[in-house]
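Residue numbers for the sequence shown follow UniProt numbering, beginning at 1 and rising by one.
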Amino acid sequence: MDSVDILHKQVAKHLKIKEEDQILIYSGKCLNNKKTLQEEKLSRESLVTILDKRDIPEIEREGNEV
């Protein structure tokens, strides 16, 4: 079964980004690793943006200290 979870595992293996640090984006939405690629309307050839949470600076929100 082609699940987004498998995609997370491949990113961890090849790009050395831990699963908990990954953000996978396709068509403007984050992928839910509990769904299959078919449910997300993806194919193996689909382009996915891969972000490492550690590369994103903290965003200060008005009234909240980070």
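We put the CB at the ideal spot given by N, CA and C, even for glycine.
Buried or exposed (CB count within 10 angstroms, at least 16 for buried), residue i
i, result
"L15", "exposed"
"I17", "buried"
Whole-angstrom distance between residue j and residue i, CA atom to CA atom
i, j, result
"L47", "H8", "14 angstroms"
"E20", "K41", "23 angstroms"
"P57", "E39", "31 angstroms"
Residue range of the alpha helix (DSSP H) that includes residue i
i, result
"L15", "4-15"
Residue range of the beta strand (DSSP E) that includes residue i
i, result
"I25", "22-26"
"L51", "49-52"
Own chain residues within Cβ distance below 6 angstroms of residue i, not counting five before or after
i, result
"S3", "T36"
"T49", "I25"
Cβ neighbours of residue i in the same chain (closer than 7 angstroms, five flanking residues each side left out)
i, result
"K53", "D21, I23"
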